[in-house]
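Report on one structure; see the data block that follows.
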Amino acid sequence: MDGEIVGAYADGIRRVYADAFSGPPWHEDDPAAGHRYVERLATDAARPGFTAALALDAGGTVSGFATAWTTPDPFPTGRAYDAVAAALGPRRVTDRLCGALEVDELAVAPAARGTGTGAALLTAVTAAAPGGRCWLLTSLRAGTALRFYRRAGWHRLPEAVPGRAALTVLLGPAHPDAGAAAGAG
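Start counting the sequence shown at 1; every next residue gets the next number (full-length UniProt numbering).
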């Protein structure tokens, strides 16, 4: 779905975001974090290649969402991009990530976890990844998320991303460079 439709579900997205990211390792337990995310989402929806997927329960309540967009070339700065660029270097960032679909957020409400909702959302937002090229960041401290992505066929790059968040880059299962990441675990 596009940004306009996402906006219609802003309250549910805010709630799921707050539920998903308030605990470790993210600790976004400030009640305003969900509101800030929804505000950022409005801007993100204008990015080239933006796509989103939304899961609704039987009552029409948001039970999960995922967002993605095409990573521009040149590689962006700010947010965690600077740390990723420092870890991979300019050539590998350009070769592996620029022009690829970047999964920005994937969040599932606690009641919907373990039901296949996360896998369905991830598949939905990455289905149109150009040449299978998709990537994402997560924390090495997010054990549940890392296990989920591993089961979904994603591969962690061996390069450490500097910073307090202990971030790591994962390449999607069909990414042409996923084999280079397979040994990283």
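By construction, the Cβ of each residue, glycine as well, lies at the ideal position given by its N, Cα and C atoms. Predicted model, so just to flag it, every value in this text is computed and none were measured.
Practice problem: Please go through the same chain and pick out, in chain order, the residues whose beta-carbon is closer than 7 Å to the beta-carbon of Ala18, but skip the five residues on each side of it. | Solution: Within the same chain, Ala18 has close Cβ partners Ala33 and Gly34.
Exercise. Using 7 Å as the cut-off, classify the Cβ of Ala45 as near or not near the heavy atoms of the ligand NAP, replying yes or no.
Key: Of ligands this structure carries none, so the ligand NAP is not represented either.
Quiz item: In chain order, which continuous runs of the beta strand (DSSP E) of length 3 or greater are located wholly inside the region 13 to 57?
Solution: 51 to 56
Exercise. Could you please give the first and the last residue of the uninterrupted alpha helix (DSSP H) stretch that includes Ala145?
Key: Run containing Ala145: Gly143 to Arg151, per the alpha helix (DSSP H) assignment.
Self-check item: Straight-line gap, Pro76 to Asp82 (C-alpha atoms, nearest Å)
Solution: 8 Å
Exercise. Whole angstroms is fine: what's the gap from Ile5's alpha carbon to Thr144's?
Key: 29 Å
Quiz item: In chain order, what residues of the same chain lie with their CB nearer than 8 Å to the CB of Leu137, ignoring the 5 residues before and after it?
Solution: If we look at Leu137 and ignore the five residues flanking it on each side, its Cβ neighbours are Ala80, Val84, Val161, Leu167, Thr168, Val169 and Leu170.
Quiz item: Would a C-beta distance cut-off of 8 Å place residue 186 and Ala68 closer than the cut-off?
Solution: It is not possible to answer for residue 186, since the shown part of the chain is limited to 1 through 185.
Quiz prompt | alpha helix (DSSP H) segments (min. 4 residues) lying fully within the region 74 to 145 | solution = 81 to 96 and 117 to 126
Exercise. Between the Cα of Asp57 and those of Asp11, Glu159, Trp135 and Ala109, spot the shortest distance and give me the residue it belongs to.
Key: Of the candidates Asp11, Glu159, Trp135 and Ala109, the one whose C-alpha sits nearest the C-alpha of Asp57 is Ala109.
Quiz item: Buried or exposed: which applies to Glu39, given that a residue is buried once 16 or more other Cβ atoms fall within 10 Å of its Cβ?
Solution: exposed
Quiz item: CA-CA distance, Trp135 and Arg15?
Solution: 25 Å
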